[in-house]
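Numbering (this note's numbering), first residue to last: 11 to 663.
The C-beta atom is built at its ideal place from N, Cα and C for all residues, glycine as well.
What follows is a short report on a single structure.
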């Protein structure tokens, strides 16, 4: 939204009004400057801050220039103290950052447009979204600043927005949305209708497979706005809709000119607040009630009452209780201007086209590339070299040991196959030197090195649900897997490039499994082959980005053993094939005995089988996979540990 001097849009104004406008603007200027440091701490350079221009009574933002316009008077006029106003402004900054994030996502424009339409058309949906978003945004503010702001948040809600925790005067679906603030983590308990309490407890009981509560996922600062919307649409909105339908039924039962009110269904209106409200209907809706007091079923084509009209007063009270600093009209304007002017970045367009060409999602392609970039910055603390460079050096050493024999330098000698200097021969002979050094000979020197002709590397990833607690385990496993795939791709490419120069060609093959206690455990995500294309690598990364199951690490190990035919066993025994298996795990195996039994079989045939425990949760891998076992005590060390495993295993190739 392009922000202009709004006083110019309001026509002539009296000097007194202009003075008030000027004072408000000056206060906004001073407020922004006083708090710029903490605003910048939260925004980290992603957006700019500016005081609201004269005449703008709310907050606003510009999606083109990434600017948020701050109006401190908006919150101060509600009775908020300076610290509370600062917290509320930080709250609006997070809202703005979330909107920028969703618009940067693939398909985000459509998601955001649908979202705006829903909050505009449904007061009930808008209310639910507003209060659920507030819970998440407030926790984000505290996380990105410091814990002292949690007390400011608590004071704000207990002493300003919800002084009265008895919500039963409101319609039940409104009670539910208000009571979502019980999820703030301050042990708040609101008094609500029994049906509302039942829904709230049902919501709090919903858990993911790893035991994490759904409400904690929604309220997590790391949860993107797009995911929060999807989760609340799937789980919260059906509950709100059910309560809304019941509230509507109760409203229909009330006499048209009776004492019903648009507050809590079935209760008397509070004095001066909930006055009877007529529902807008077509004339066809003015049907007599049946003898039992219930309205007869509407005839076909008859219009149902609009909940926004029925509960208009309740929604107005909600806006007064917790006002929206950026009205929906301002959001729509900003989005409209953004759509009008935004053009897809040429690089983004190229990524879109390339992703479609190879058959992956653009966001997955970009995420993979981002991980590759991050890998280039990971260093081995013992050598201070990047793990990528260390593996590259190892690959070049392996290739160097296999280069074809080179001719030794040809120096003049007394005897040889080739006469190098005939003139010198004649001169030395005349001088009586009958053994002149005028001959050259060829001496072949062979570089030492082992003679493996094939290398097969298998990685087995952990997709047990414990990998998401904490999430960093899953993230670092994904990063380590990308590191392995990139290293193997470079290894295979380099050996192919140097094939003509190698005395014994080397073929590098790879496969990747993942276990999660499903039928897929015995099927590789990437089958054993020397091919490792970009689509294949991205598909593997995408697959291991979730962890829904259990620790059935023995299944892929047994599958590898079952696939070991006589020819492979012969090659391993004769030193023709080097076979390496690496297993990631963050906990106890579902069957330790089976794991150790198959490990013994694999090792007896000469296969290198190593286990890598992820964090201290995976320390059991040290005993389960002994003697070839490693432990990444912090998840962030997993790529470094994997690099060590590869260096140890490939040293004799």
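- In terms of Cβ geometry, residue 578 and residue 589 form a close pair [threshold 9 Å].
- Residue environment: residue 487 is assigned as buried (16 or more neighbouring CB atoms within 10 Å of its CB, all protein chains considered).
- Considering only 245, 206, 234, the residue with the shortest C-alpha distance to residue 225 is 245.
- DSSP, read as helix, strand or coil, puts residue 392 in coil.
- Assignment of residue 361 by DSSP, reduced to helix, strand and coil, places it in the helix class.
- Leaving aside the five residues that flank residue 537 on each side, the residues in its chain whose CB is nearer than 8 Å to its CB run, in chain order, 521.
- In the three-state reduction of the DSSP assignment, residue 595 falls in the strand class, which pools E and B.
- Between the alpha carbons of residue 84 and residue 330 lies a gap of roughly 12 Å.
- As the crow flies, the alpha-carbon of residue 386 is around 8 Å from that of residue 397.
- Bounds of any beta strand (DSSP E) do not take in residue 586, whose DSSP letter is neither H nor E.
- Nearest in C-alpha terms to residue 108, of all of 128, 97, 234, is 234.
- Residue 535 sits away from residue 548, with the two beta carbons spaced by 9 Å or more.
- Membership of residue 525 in the beta strand (DSSP E) is indicated by the continuous run 517-525.
- Between residue 66 and residue 170, the CB-CB gap reaches or exceeds 9 Å.
- Here residue 619 is bridged, per DSSP, to 591.
- Taking C-alpha positions only, residue 625 is separated from residue 470 by approximately 17 Å.
- For residue 614, the uninterrupted alpha helix (DSSP H) segment begins and ends at 602-614.
- Under a 10 Å Cβ-count criterion, residue 466 is classified as buried, with 16 or more other Cβ atoms of the shown protein chains found around its own Cβ.
- The C-beta distance from residue 57 to residue 45 rounds to 14 Å, too long to meet the 8 Å contact threshold.
- Collapsing the DSSP output to three states places residue 514 in coil.
- Under the DSSP assignment, residue 552 falls outside any beta strand (DSSP E), being part of the alpha helix (DSSP H) whose first and last residues are 544-553.
- Residue 462 carries a coil assignment under DSSP once its states are collapsed to helix, strand and coil.
- Counting only runs of 4+ residues, the alpha helix (DSSP H) found wholly inside the stretch 61-122 occupies 82-86, 92-114, in chain order.
- Counting of Cβ neighbours within 10 angstroms places residue 473 among the buried residues, the total reaching 16 or more.
- Judged by DSSP in its simplified three-state form, residue 125 adopts helix.
- For residue 528, the three-state secondary structure derived from DSSP is coil.
- When DSSP states are grouped into helix, strand and coil, residue 540 belongs to the coil group.
- Between residue 81 and residue 53 the beta-carbon gap is near 17 Å, outside 8 Å, which marks them as no contact.
- According to DSSP, residue pairing for residue 59 in a beta bridge involves 78.
- One thing to note: residue 489 has its Cβ no nearer than 9 Å to the Cβ of residue 656.
- In the structure shown, the three-state DSSP call for residue 233 is coil.
- CA-CA distance, residue 69 to residue 651, rounds to 50 Å.
- Using a Cβ distance threshold of 9 Å, residue 514 and residue 463 count as a contacting pair.
- When 200, 336, 55 are compared, the shortest CA-CA separation from residue 79 is found for 336.
- Leaving aside the five residues that flank residue 408 on each side, the residues in its chain whose CB is nearer than 6 Å to its CB run, in chain order, 663.
- In the DSSP assignment, residue 498 falls within the alpha helix (DSSP H) that extends over 482-507.
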